[in-house]
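Chains as they are written, first to last, in this note's numbering: chain X, 60 to 846; chain S, 31 to 201.
Ideal Cβ placement from N, Cα and C applies to all residues, glycine included.
These numbers come from a predicted model, not from an experiment.
Report on the structure given below.
Put into structure tokens, the structure is as follows:
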């Protein structure tokens, strides 16, 4: 199947239908159920005292004044947690992280103590009355300085007395070096991908409720991975896993920021155990921006070797990864630098070598996979900039260099120079479509004409390859738990269905798309299919939603579980049709006797028979579960072309047009895919033009509100032009690949390449994101082009 | 943040010295001064309400005088905490008589603001800190010259200090 034209009717609404989202009626009417909507009887409120210093020893904590405020019931400190063995917790990356500090803080806004009170306002007032004395220590903010011999030590608790966390590499160093020695051309470029924040609309929070009678801890929590959290909580606290229930209700955006376990969750649980009351903790916006885990922050040094005709041969990359004070990224265990080695992109390189060093600094944890499958954004930005750097050096058109170096469609499955097996792709097809849609040749003419008149116009291309759907159990695990995912389907006697899945929606529309998968596989109407997720007491175990993995893993599990149901249904159908099961075929979403189209039965009738009239050798009921272990990752791709105009008077970069041709394999719901791409492009534009987190020399984070941390609004967002090609994944049960992150990953380099292209005739060869007016104006002034 | 400045004060050096060593007089010049505990001749705890942009914080500073050499040099070290924010500062001044009725004060200050105030007011931080520090030292001059007027000593009327408003809530 290479088309996504639906084959079911609109009543069934299976694959390819633009089914309206089942979740929207409650969201649009303000009837969503987010964690802050949850109110339990006797519930208390928690607020957190945070460190003003990026690095300091704590000499005294005195809660007397806070405890004297009426309504304040408890103040939890690191010493209290230490007594219970909970002052530290493990991170997902085999490091450990402070829940509350006993004697030192290692980043600004770090949690220092928590106040529990009967009202939220009382808790907020009381945190100002907890007296904490600090003795400031010199902080280290720059990861390069952190590696110097006399740098302040961020983590004296570790055996290794250095700020170096790990070294990781991939590819063939010797072969790469050899190709570099022989190459006609070598281009080199340093790139910095700044620290950014996911800034989801809903901040993090939880309601922890410990039932002393049942001995059961229930936590309503903003998490993208409820099952893994339950296991971690059980291992850390010693509470048996069946006595822990994690409920992830409606989530107001996750984007990777809601994968880690934040100290606030643990403190709230301890506070509930201690007080015997449910305890609610909700971050405010500044806390969320200052203290939650961050993304990117990669200092990259890249070199590309090529021949004079533009044939790319080898890539050599060294990177310093600023992970903050705790290595609390949520990568698969074996991948401390995520899937960064997909950095060879869409191009057929002979060899590549990538090395990454993780470094501690006095900042909150880094390494959140912000709408990106574990460091793929950094990888894609690097290779797409390097291709343009080569094109500029050789005075070739960047589209020609790409066409020359693409992995050809007939080469798939393709083994990349760093060891990945790309499942399928048609890169020239996608780029040609994008070039036709935007009128590439005419744009180049227009650019030449405008340049002659002194106008700054740039055209940028990004032909990215994503790597998503982690992942196969032989390679992918988190804390040892393999990265399968799951679905459990029950068909009720009247033919309606409940499907429970191991992944957790944060806005992706799972209640709709997973119902469409079941509808497609069983031929039952989508409106009669309920999808549930996020409650560990009812949903099957799964690793959660991030890294565009839901459709590749749990989506596959859903199809396979439905096919198991179909296998059983075949026996019941044979019984109803008085035929041999082998003589039946699944045709037009019904079982029919081969050669007798008149003799057929649909799933609704079969479901009723499964409870009322089943054959003697078949169990009653109609249900199945599947834990799907994907055989490989999937590799969505796309071709994006961006046109920018730069104002020489202000340095403002304006995106005039942006064409995005995406290929995510077969599509479940084109409307939801469009939405994912529109949102993703906007989130990809944001770090290119607006967003970056910076620190002063004392380790103060300088973007503590949305006044300083600029998010795109409708004002800044251009009218995206989207299109698609369809190259199904050969190994996925219904040929899908995942799309949630393609646009966030693919958009920044298209914009970066357009900006450099607009300035290239001035001698500019590279500019780091974000392209703020001030930065661009300075460059224009340096080159005598400012007005 | 490192700041320096110079004031020329129309008062004899002994009078200036007397003023700057009087914690109550100095405190009145501190930005957003509210109250003060005097713990000893060289140890004070003033409470100050300071704002950067839209964010206001009330700091209790712990101030220690250091390196006091009458009548030419004194230094102070201060540290204060407010909700989620902290300030650390070291300031020093040198007095030099220009004539019997005029004194030059050279001052330096190193101020570090940490925490929420620095995060949410980053863009305004340097400007605000410089302004508050300069206003602090300029206030000495103003007060000393005012007392000249009140006492009838010193014939010249001083022009209003630039940028100083005398507001008790600094922002």
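Here residue 319(X) is not near residue 521(X), since their CB atoms are 9 Å or more apart. Along the region 242–274 of chain X, there is no position whose C-beta sits under 9 Å from a C-beta of chain S. Taking a cut-off of 8 Å on C-beta distances, the region 159–178 of chain X touches the region 99–113 of chain X, as three or more cross pairs fall below it. In this structure, the CA atom of residue 215(X) is about 28 Å from the CA atom of residue 147(S).
By the criterion of a C-beta distance shorter than 7 Å, residue 114(S) is surrounded in its chain by 145, 146, once the five residues flanking it on both sides are discounted. For residue 294(X), the enclosing alpha helix (DSSP H) stretches over residues 285–296. For residue 150(S), the chain X residues whose Cβ falls inside 8 Å of its Cβ are 345, 763, 764, 766, 767, in order along the chain.
A straight line joining the alpha-carbon of residue 740(X) with that of residue 779(X) spans about 8 Å.
If you draw a straight line from the Cα of residue 680(X) to the Cα of residue 669(X), it comes to about 5 Å. In the structure shown, residue 84(S) falls within a coil segment according to DSSP collapsed to helix, strand and coil. Counted as a single uninterrupted DSSP element, the stretch harbouring residue 598(X) is not any alpha helix (DSSP H), since DSSP gives it neither H nor E.
Under the DSSP assignment, residue 585(X) falls outside any beta strand (DSSP E); it carries neither an H nor an E label. Of the candidates 598(X), 578(X), 65(X), 598(X) places its Cα closest to the Cα of residue 563(X).
The beta carbon of residue 109(X) sits closer than 9 Å to some beta carbon of chain S. Cα atoms of residue 496(X) and residue 722(X): separation of roughly 15 Å, rounded to the nearest angstrom.
Exposure of residue 103(S) is indicated by the presence of fewer than 16 other C-beta atoms within 10 angstroms of its C-beta. For residue 186(X), the chain S residues whose Cβ falls inside 9 Å of its Cβ are 113, 114, in order along the chain.
Only those residues of the region 129–154 of chain S whose C-beta falls short of 7 Å from the nearest C-beta of chain X are listed: 142, 144, 145, 146, 148, 149, 150, 152, 153. The shortest CA-to-CA distance from residue 160(X) to any of 153(X), 144(X), 175(X) is the one to 144(X). For residue 67(S), the nearest beta carbon of chain X is not closer than 9 Å to its own beta carbon.
Neighbours of residue 118(S) across chain X, judged by C-beta separation under 8 Å: 195. Rounded to the nearest angstrom, the gap between the Cα atoms of residue 109(X) and residue 171(X) is 5 Å. Of the candidates 531(X), 545(X), 546(X), the residue whose Cα lies closest to the Cα of residue 539(X) is 531(X). Annotation for residue 727(X): no alpha helix (DSSP H) segment contains it, and DSSP assigns it neither H nor E. Counting C-beta pairs with one atom in each stretch, the region 579–597 of chain X and the region 304–311 of chain X have three or more that are closer than 8 Å, which means they touch.
Contacts with chain S at 9 Å (Cβ-Cβ) include residue 191(X).
In summary, the residues of the region 344–364 of chain X whose CB is separated from some CB of chain S by less than 7 Å are 345, 349, in the order they occur in the chain. At a Cβ-Cβ threshold of 9 Å, residue 372(X) and residue 408(X) count as neighbours. Going by C-alpha positions, residue 464(X) is about 6 Å away from residue 370(X). In this structure the region 540–553 of chain X touches the region 618–631 of chain X; the number of beta carbon pairs closer than 8 Å is three or more. If you draw a straight line from the Cα of residue 72(S) to the Cα of residue 121(S), it comes to about 14 Å. Residue contact with chain S for residue 758(X): present (Cβ-Cβ distance below 9 Å to some residue of chain S).
Only those residues of the region 318–336 of chain X whose C-beta falls short of 8 Å from the nearest C-beta of chain S would be listed, and there are none. Residue 788(X) places its beta carbon 9 Å or farther from that of residue 696(X). Rounded to the nearest whole angstrom, the C-alpha separation of residue 840(X) and residue 454(X) is 25 Å. Residues 562 of the same chain have their beta carbon placed closer than 6 Å to that of residue 609(X), with the five preceding and five following residues left out of the count.
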